[in-house]
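See below for the structure under consideration.
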Amino acid sequence: MTDTLTTETTTDLFSKFDPLIQQRQALLDTGVTDPFGLVMEKVLSPTTAICSGRETILLGTYNYMGMTFDPDVIAAGKQALDEFGSGTTGSRVLNGTYAGHRAVEDALKDFYGMDHAMVFSTGYQANLGIISTMAGKGDYIVLDIDSHASIWDGCKMGDAEVVPFKHNDIEAMEKRLKRIPAGAGKLVILEGVYSMLGDIAPLKEMIAIAKAHGAMVLVDEAHSMGFIGPNGRGVAEDQGVLDQVDFVIGTFSKSVGTVGGFCVSNHPKFEILRLVCRPYVFTASLPPSVVHTAATSIRKLMHGEAKRAHLWENSRTLHGALKAKGFQLGTETPQSAIISVIMPDLQRGAAMWEALLHEGLYVNLARPPATPAGMTLLRCSLCAEHSAEQVQTIIGMFERAGKAMGII
Amino acid sequence: MDRATIAARIAELIEPFNKKGIAITDDVTFAGDLEWDSLTVMDFVAAIEDEFDIIISMNQQAEIETYGQLIDAVEKLQG
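Protein chains in written order, with this note's numbering: chain V, 1 to 408; chain R, 1 to 79.
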């Protein structure tokens, strides 16, 4: 039948990206620096770097507790490189579990006061793995519509029925839980801090309702670890409901200051996940230097009261000043170490972002689809190592750039 | 509740979301004809769920592209 072969024209699989390619080109054609192409040429400290030859204050790194240059953390990493080599070249369940992987899991158990800890290669994989493995066919996942991409992807990878509710809407969540068929497994997924606007969830009320409806509860505390709560365990601890949370998901790439993800839990059968969770099994484990820096950092964060107090001070000062100068912010009050400045549109947001960069300030430019309600945001994340003086400098930079760009 | 009654109720609910004033027929698509974004879809689905006291999971929503399919789905979910 080879004589009936016809030549078809190839459909370019990339044509679906054309609208985004055009939007990006239109933005760059205005002459603005590519907001997604910044390179840090040299990093001087947790709060300063050289970008395009200019010393720049970093206000968009999630490096909340400033642990990246802590001398003990660095020393632990160097020693691990010498003693264990540059990488494990293997899965956690085969040849990829070293003493350091156990040590960091022990540090997490101590930090949270929980029985089990499981470390993944990234925070993204922690959500992907735990959610897709735990909630299976016939189970229901009830989650906030503003959940992080890793949570949505975990839902998409699994076979459970996925039911979203309006952001932080307690009543909407309860209505959905009520309608789930009797006997079905239920998992409620919440975040402590929602990273786009920097607002926190009413976990106390939501978790009480979830439990009343027989649901298990998973809380992603990526943006609160180390900082929020008396012991830095997160928003659930701060609201006095950590003992009601079945699974806490977190990351090493924010307050801990390296890379990696984890889940901690008191569930008696938790350890079985190590054998059935594919994003845990079918990937290489973290390098020894990373797990040793993480373990050292986590243990130091347990005693971070002074840093936590200073970070709250920074957050209150910046939030109050930007609000007073007329910027529109993502939250009425400072709720976390994230302060989100709402821009009128992408073009002016990108122009303001560039004006700040020229002032010597780096913030995150966040835009749809990562942002809720199609907003363009300049997202600022403060660090415990930002001095009071640096915060005042930042306020001056925002005021000058905001006036020059007609934002205030 | 029969299909006609369900259709009449949904027709009322869709009104505030039909900003472009599209004539609603069974073949009208939510993404294509009505040009709804994900937030509008969420609000509309919530309104339908509350009216009929049902859950339309995202897995089910993926199968519902047209107005006619929505009425069929609600009829089925009503049991």
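Each residue gets a CB set at the ideal place from its N, CA and C atoms; glycine is no exception.
Predicted, not measured: the structure shown is a model, and the values here were computed from it.
| query | result |
| --- | --- |
| Taking the alpha-carbon positions, what's the ILE200 of chain V to ALA160 of chain V distance? | 26 Å |
| If you reduce the DSSP assignment to three classes, tell me which class THR393 of chain V lands in. | helix |
| Determine the chain V residues that contact ALA47 of chain R at a beta-carbon separation under 7 Å, and present them in chain order. | Within chain V, no residue comes near ALA47 of chain R; the closest Cβ sits about 11 Å away, beyond 7 Å. |
| In terms of alpha-carbon separation, which member of V:MET397, V:GLY349, V:LEU356, V:VAL363 lies closest to GLY374 of chain V? | V:GLY349 |
| By the DSSP assignment, the alpha helix (DSSP H) with HIS167 of chain V in it spans what residues? | Looking at the DSSP string, HIS167 of chain V is not in any alpha helix (DSSP H), and its letter there is neither H nor E. |
| Leaving out the 5 sequence neighbours to the left and right, which residues in its chain are closer than 7 Å to GLY136 of chain V when beta-carbon positions are compared? | GLY158, ASP159, ALA160 |
| Is it right to say SER265 of chain V is buried, meaning 16 or more other beta carbons lie within 10 angstroms of its own, or is it exposed? | buried |
| Give the residues from the segment 178-190 of chain V that approach chain R closer than 7 Å (Cβ to any Cβ), ordered along the chain. | ARG179, ILE180 |
| Out of V:MET196, V:LEU5, V:SER195, V:ILE209, which one is the CA nearest neighbour of VAL188 of chain V? | V:ILE209 |
| Which of helix, strand or coil does DSSP assign to PHE270 of chain V? | helix |
| By the 10 Å Cβ neighbour count, where 16 or more other Cβ atoms means buried, how is LEU44 of chain V classified, buried or exposed? | exposed |
| Please name the residue, chosen from V:GLN347, V:SER195, V:ASP238, that lies closest to ALA222 of chain V on a Cα-to-Cα basis. | V:SER195 |
| Among all the DSSP beta bridges, which residues are the ones paired with LYS178 of chain V? | Bridge partners of LYS178 of chain V: none, in fact. |
| Using a C-beta to C-beta distance shorter than 8 Å, which residues of chain V count as neighbours of ILE54 of chain R? | ARG179 |
| Do you know offhand how far GLY90 of chain V's Cα is from ASP27 of chain R's? | 53 Å |
| Let me know the secondary structure DSSP gives PHE84 of chain V once reduced to three states. | helix |
| Using alpha carbons as the reference points, say which of V:ALA236, V:GLU55, V:ASP110, V:HIS358 lies closest to VAL32 of chain V. | V:HIS358 |
| Would you say ILE151 of chain V faces chain R, with C-beta separation under 8 Å as the test? | no |
| What in chain V is Cβ-close to ASP50 of chain R, meaning under 8 Å? | LYS175 |
| Anything in the segment 357-382 of chain V with a Cβ closer than 7 Å to a Cβ of chain R? List those residues in chain order, please. | ALA373 |
| Which residues bound the alpha helix (DSSP H) around ASP159 of chain V? | Here ASP159 of chain V belongs to no alpha helix (DSSP H), and DSSP marks it neither H nor E. |
| Would you check if the segment 374-392 of chain V and the segment 47-63 of chain V touch, i.e. whether three or more CB-CB distances between them fall below 8 Å? | yes |
| Quick one: give me the first and last residue of the alpha helix (DSSP H) that ARG278 of chain V is part of. | 278-281 |
| Spatial neighbours of GLY326 of chain V within its chain, please: C-beta separation below 6 Å, excluding the five flanking residues on both sides. | ILE408 |
| Excluding the 5 residues preceding and the 5 following ALA351 of chain V in the sequence, name in chain order all residues of the same chain whose CB lies nearer than 7 Å to its CB. | VAL32, MET405 |
| For chain R, check one thing: does any of its Cβ atoms lie closer than 8 Å to the Cβ of LYS166 of chain V? | yes |
| Taking only beta carbons into account, state which residues of the segment 251-277 of chain V come closer than 9 Å to chain R, listed in chain order. | none |
| Quick check on ASN95 of chain V: buried or exposed, where buried means 16 or more other Cβ atoms within 10 Å of its Cβ? | exposed |
| For ALA384 of chain V versus LEU377 of chain V, is the C-beta spacing smaller than 8 Å? | no |
| Return no unless some Cβ of chain V is closer than 8 Å to the Cβ of MET1 of chain R. | no |
| At the level of alpha carbons, what is the spacing between ILE170 of chain V and LYS204 of chain V? | 10 Å |
| Just verifying my parser: in three-state terms, what is the DSSP assignment at HIS116 of chain V? | strand |
| Check the Cβ of LEU39 of chain R against every Cβ in chain V and list those closer than 7 Å, keeping chain order. | ALA373 |
| Exposed or buried, what is HIS292 of chain V when buried is set at 16 or more other beta-carbons lying within 10 Å of its beta-carbon? | buried |
| Give the DSSP bridge partners of LYS204 of chain V, in chain order. | For LYS204 of chain V, which the question treats as bridged, DSSP gives no partner whatsoever. |
| Please state the DSSP three-state secondary structure of ASN364 of chain V. | strand |
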